[in-house]
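Colleague: Before I ask anything, let me first share the structure, which is written out below as structure tokens.
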Amino acid sequence: MPTASNPDALRRIRRLLWAAAAGAAVALSGITLWRALTPSDLPAPRVTGEAAIVNAYTLTEHTGRTVTPETYAGRWQLVFFGFTYCPDICPTTLAYMASVMDLLGPDADRVAPIFVTVDPARDTAPVMADYVAAFHPRLIGITGTEAQTAEAAANFRVWYERAEDAAAPDGYFMAHSGHIYLMRPDGRFEDVFREGDQPPEALADTISTLIDNES
Amino acid sequence: MNHFLVAACLAALPMTALAEVTVTDPWARASILASRPGAAYLTLESDRDDRLLSATAPVADLVMIHASETDANGVTRMIHLDALDVPAAQGVQFGPGGMHLMLIGLTDKLEEGGQFPLTLTFEHAGDTTVEVPILGVASTGPEADR
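Chains as they are written, first to last, in the numbering used here: chain A, 1 to 215; chain B, 1001 to 1146.
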């Protein structure tokens, strides 16, 4: 410990402390600035077609097994990213996907509806199991680690972020893009839809036509 | 002239004293897990410009007024509003994918077929309590179910 009898050492420490404080201030303002600028600076998630969207992930199904897109190969896949703390868009979209499944009739056997959470910390496999069962017996819930989720979302060009809100459960919501991706049985990208852009009958018709045209 | 003024004032009195907000088609979506927030929707109409200041329900610790905003890239964000303007001319319509009341800290799962009271507090109209029926998870509103 430096003592008052050593003014040089004290001065050095004071300088060091000031430097550290200045460094912290710069870092803090840098982070603040980065936060303020980032949303608009991010490359916009844009759907530009097949090349942009890659059906690639290794995640955990609500049943507990590890899954990749190959797990669902041979079926058309309807893929939606959301989270179970979402009170509005996600239940609305999942109910919409459930309606589409019902409207598909026998063609539903050829379709895998998949719900991928962007909030894996809270949406564990058992939570996802309870959640998807409420919508449709065929709905598949998928979760993973933060890294696996980020990778899957990046491959699908799905954008999501944690939005802090003191009043929210656990202090945050997730903001996310609300697209429903339709992937082909071979895993390639076919099309993208939004709930609200067309009634479920129209999407079911589109999928049935695609299935009919396969053979 | 004086009579006319008095008459005019009297005519205007009920409007200022009894600002009225009409709440129609309230409904909530059945919640999937009690630990997850629920959502309620309704339509507000007012005979004068008013503001919804807060909402409370015994079934929830907190009711938040939320707007959903979707940008050109399809990213949806929930915007937490401290108060919501209810313009006399057009009113406000809540609905799936748009404005909603988010029910946080549910005491129980919202079961389809049930209902709960919801109290809305307006700047001018004061408190209004409505019974909110709980519709199915897949419902898109009372009109669709009718």
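Idealized CB from N, CA, C, for every residue including glycine. As the structure is a computational prediction, the values presented were derived from the model and not from experiment.
Would DSSP call B:P1117 helix, strand or coil?
Modeller: In this structure, B:P1117 counts as strand in the three-state DSSP scheme.
Colleague: What residues are listed by DSSP as bridge partners for B:M1102?
Modeller: DSSP output for B:M1102 lists B:A1039, B:M1064 as bridge partner(s).
Colleague: Can you give me, in chain order, the residues of the segment 1047 to 1069 of chain B that have a beta carbon less than 8 Å from any beta carbon in chain A?
Modeller: So the close ones are L1062, M1064, H1066, S1068.
Colleague: Taking beta-carbon pairs under 9 Å, can you tell me which members of the segment 159 to 179 of chain A lie near chain B?
Modeller: For the segment 159 to 179 of chain A, which is checked against every Cβ of chain B, the residues closer than 9 Å are W159, Y160, E161, A163, D165, A167, A168, P169, F173, A175, H176, S177, G178, H179.
Colleague: Can you tell me whether DSSP reads A:G105 as helix, strand or coil?
Modeller: Correct three-state label for A:G105: helix.
Colleague: Within its chain, find whatever has a CB closer than 8 Å to the CB of A:D165; leave out the 5 residues flanking it on each side and keep chain order.
Modeller: Here the set comprises G171, Y172, F173.
Colleague: Check the DSSP bridge columns for A:I180 and list the partner residues they point to.
Modeller: According to DSSP, A:I180 bridges with A:F80, A:F193.
Colleague: Candidates B:D1049, B:D1050, B:A1060, B:E1045: which alpha carbon is nearest B:G1038's?
Modeller: B:G1038 has its Cα closest to that of B:A1060, out of B:D1049, B:D1050, B:A1060, B:E1045.
Colleague: Looking at chain A, is there any beta carbon in it that lies within less than 8 Å of the beta carbon of B:A1138?
Modeller: Chain A, which has a Cβ nearer than 8 Å to the Cβ of B:A1138, makes this yes.
Colleague: Could you spell out where the beta strand (DSSP E) holding B:D1025 opens and where it closes?
Modeller: Unbroken beta strand (DSSP E) run through B:D1025: 1021 to 1029.
Colleague: Unbroken beta strand (DSSP E) runs of length 3 or more, entirely within the segment 115 to 149 of chain A: which are they?
Modeller: Whole beta strand (DSSP E) segments, 3+ residues: 140 to 143.
Colleague: Strictly below 9 Å CB to CB, what residues from chain B border A:Y131?
Modeller: Correct list: I1032, L1033, R1036.
Colleague: Just to confirm, are B:A1040 and B:H1080 a CB contact at a threshold of 8 Å?
Modeller: Cβ distance not < 8 Å, so B:A1040 and B:H1080 don't count as in contact.
Colleague: Our contact map puts A:T143 next to A:D123 with C-beta atoms below 8 Å; I'd like the distance itself, whole angstroms only.
Modeller: Correct: roughly 5 Å between the Cβ atoms.
Colleague: Which residues, in order along the segment 80 to 111 of chain A, keep a beta-carbon less than 7 Å from a beta-carbon of chain B?
Modeller: Going along the segment 80 to 111 of chain A in chain order, one finds T84, Y85, P87, D88, I89, P91, T92, A95, A98, S99 with a Cβ nearer than 7 Å to chain B.
Colleague: State yes or no: is the C-beta of B:A1083 within less than 8 Å of the C-beta of B:L1052?
Modeller: Their beta carbons are under 8 Å apart, which means B:A1083 touches B:L1052 by this criterion.
Colleague: When the cut-off is 8 Å and only beta carbons count, does B:T1076 lie next to chain A?
Modeller: For B:T1076, the answer is yes, since a Cβ of chain A falls inside 8 Å of its Cβ.
Colleague: Expressed to the nearest angstrom, what Euclidean distance is found between the alpha-carbon atoms of A:A147 and A:T58?
Modeller: Going from the Cα of A:A147 to the Cα of A:T58 covers about 10 Å.
Colleague: Tell me A:Y172's beta-bridge partners as DSSP assigns them.
Modeller: Answer is A:E164, bridged to A:Y172.
Colleague: Please report the distance separating the alpha-carbon of A:W159 from that of B:L1103.
Modeller: For A:W159 and B:L1103, the distance between alpha carbons rounds to 26 Å.
Colleague: For A:E195, would you say it is in contact with chain B, using Cβ-to-Cβ distances shorter than 8 Å as the test?
Modeller: Closer than 8 Å to some Cβ of chain B, the Cβ of A:E195 qualifies, so yes.
Colleague: Mind pulling the chain C residues with CB within less than 7 Å of A:A134?
Modeller: Structure shown: chain C not included; protein chains present are A and B.
Colleague: Among residues of its own chain, excluding the 5 on either side of A:V100, which ones have a beta-carbon nearer than 6 Å to its beta-carbon?
Modeller: The residues are P200, L203, A204.
Colleague: Find the residues of chain A that neighbour B:I1104, judging by a C-beta separation of less than 9 Å, and give them in chain order.
Modeller: The contacting residues are P87, A167, A168, P169.
Colleague: Considering only C-alpha positions, which residue in the set A:P169, A:V192, A:L94 is nearest to B:R1029?
Modeller: Of the candidates A:P169, A:V192, A:L94, the one whose C-alpha sits nearest the C-alpha of B:R1029 is A:L94.
Colleague: For A:I114, which of A:D8, A:A73, A:A168 has the nearest alpha-carbon?
Modeller: Residue A:A73 is the option with its Cα nearest to A:I114.
Colleague: For B:G1141 and B:L1110, what's the separation of their Cα atoms in angstroms?
Modeller: About 15 Å.
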